[in-house]
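First the structure, in the form of structure tokens, and then the observations on it.
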Amino acid sequence: MTQEQRQQAIRRIQAKRGFRGHLAIYLAVNALLVAIWAFTGAGYFWPIWPILGWGIGVVANGVGVYASPKEITEAQIDRELQGRLG
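See the structure below:
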């Protein structure tokens, strides 16, 4: 394993930890908002707005961490260069 590969692995681990922390905070805060809603009369379900708004960010973060390509390959670099030069 090269030093660069090791650094890439460390960055991926940090990104996954960051996402899990983000998700945990999202769940805790939104559970608190739903509890506040329930204890204050449970009328119009206003917590849906922060749940949806923040949820978009959580999903985008998760996609960036788990669904994006893990490494840039030489073949990808070559294709990109050919597209720009050709």
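Each position in the sequence shown, counted from 1, maps to that position plus 3 in the working numbering.
No residue lacks a Cβ here, since even glycine has one placed at the ideal position from N, Cα and C.
Note that the structure is predicted; figures quoted are calculated from it, not measured.
Below 8 Å on the Cβ atoms is my contact criterion, and I expect residue i with residue j to pass it. Report the Cβ-Cβ distance as a whole number of Å.
i            : j            : result
valine 37    : proline 50   : 5 Å
glutamine 10 : glutamate 74 : So it is not a contact: roughly 12 Å between Cβ atoms.
valine 62    : lysine 19    : About 15 Å separates the two Cβ atoms, so there is no contact after all.
Give me, in chain order, the residues of the same chain whose beta-carbon lies closer than 7 Å to that of residue i; leave out the 5 immediate sequence neighbours on both sides.
i             : result
tryptophan 40 : Phe48, Trp49, Pro50
Once you ignore the five residues that flank residue i on each side, which residues in its own chain have a CB closer than 6 Å to its CB?
i             : result
asparagine 64 : Phe22, His25
Inset, instruction - Could you tell me whether the stretch 23-35 touches the stretch 57-73, where touching means 3 or more Cβ pairs closer than 8 Å? - result: yes
Inset, instruction - Scan the stretch 4-48 and note each continuous alpha helix (DSSP H) run of 4 residues or more that stays entirely inside, going in chain order. - result: 6-42
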